[in-house]
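In the numbering used here, the protein residues as written are 2 to 173.
The following block contains the structure:
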């Protein structure tokens, strides 16, 4: 019985690693061409790489939060800001025992740790300002305040009953 979850985790990690390498290659190609980049992403498209060095996290972020993407990736909530933009760039990821445990180490972050987002427009660094648990149905954490440039990371805690929320503000 232990073999199945381990196999799913291994497969999920392989899918994620392939996407990270693909997106890094795309970043290199786009930086060499110096073309103006637009945010015309479709669900499932790789949009950025996220790093939280304090917990050894590096993962690709894809557009959309459909279950088929959440199995393997950190996922951008559609309708929220993009990295570096005014508003709240919001990302969800699993921290479960099945599939990829993208956000498994987030409970170890501390206030003032850094979240780095790299996309085709640059590298954006966010300073962690809040860490808290909330009920799963509390969507206020995704609210958009366009006077700020924020990030919100969302993952399960307490066996999926609650959500761990990590909030940060961009360093300018």
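Here a beta-carbon is modelled for each residue, glycine too, at the ideal position from N, C-alpha and C.
Item: Less than 6 Å between C-beta atoms, sequence neighbours within five positions excluded: which residues of the same chain meet that for residue 127?; Value: 116, 152, 169, 171
Item: What separation, rounded to the nearest whole angstrom, lies between the Cα atoms of residue 119 and residue 144?; Value: 23 Å
Item: What's the gap between the Cα of residue 157 and the Cα of residue 76?; Value: 14 Å
Item: Which partner residues does residue 89 have in the DSSP bridge list?; Value: 151
Item: What are the partner residues of residue 61, as DSSP defines its beta bridges?; Value: 50
Item: Within 10 angstroms of the Cβ of residue 41, are there 16 or more other Cβ atoms? Answer buried if so, exposed if not.; Value: exposed
Item: Let's test the definition: count the other Cβ atoms within 10 Å of the Cβ of residue 112 and tell me whether it reaches 16, buried, or not, exposed.; Value: exposed
Item: What did DSSP end up calling residue 141 once you bin it into helix, strand or coil?; Value: helix
Item: Looking only at its own chain, which residues have a Cβ that is under 6 Å from the Cβ of residue 137, when we skip the five neighbours before and after it?; Value: 164
Item: Between residue 122 and residue 85, which are expected to be in contact by the criterion C-beta below 8 Å, what is the C-beta distance as a whole number of angstroms?; Value: 6 Å
Item: By alpha-carbon positions, which one of 104, 166, 161, 62 ends up nearest to residue 142?; Value: 166
Item: Please list, in chain order, all residues of the same chain as residue 154 whose beta carbon is under 6 Å from its beta carbon, the five residues on each side excluded.; Value: 92, 167
Item: Do you know offhand how far residue 46's Cα is from residue 159's?; Value: 30 Å
Item: With DSSP as the reference, please indicate the residues paired to residue 118 in a beta bridge.; Value: 51, 125
Item: Alpha carbon to alpha carbon, what distance is there between residue 133 and residue 60?; Value: 22 Å
Item: With distance defined between alpha-carbon atoms, name the residue in 87, 57, 70 nearest to residue 148.; Value: 87
Item: What does the alpha-carbon distance come out to for the pair residue 35 and residue 106?; Value: Since pLDDT at residue 35 reaches only 48, below the 50 mark, its modelled position is unreliable, and no value is offered.
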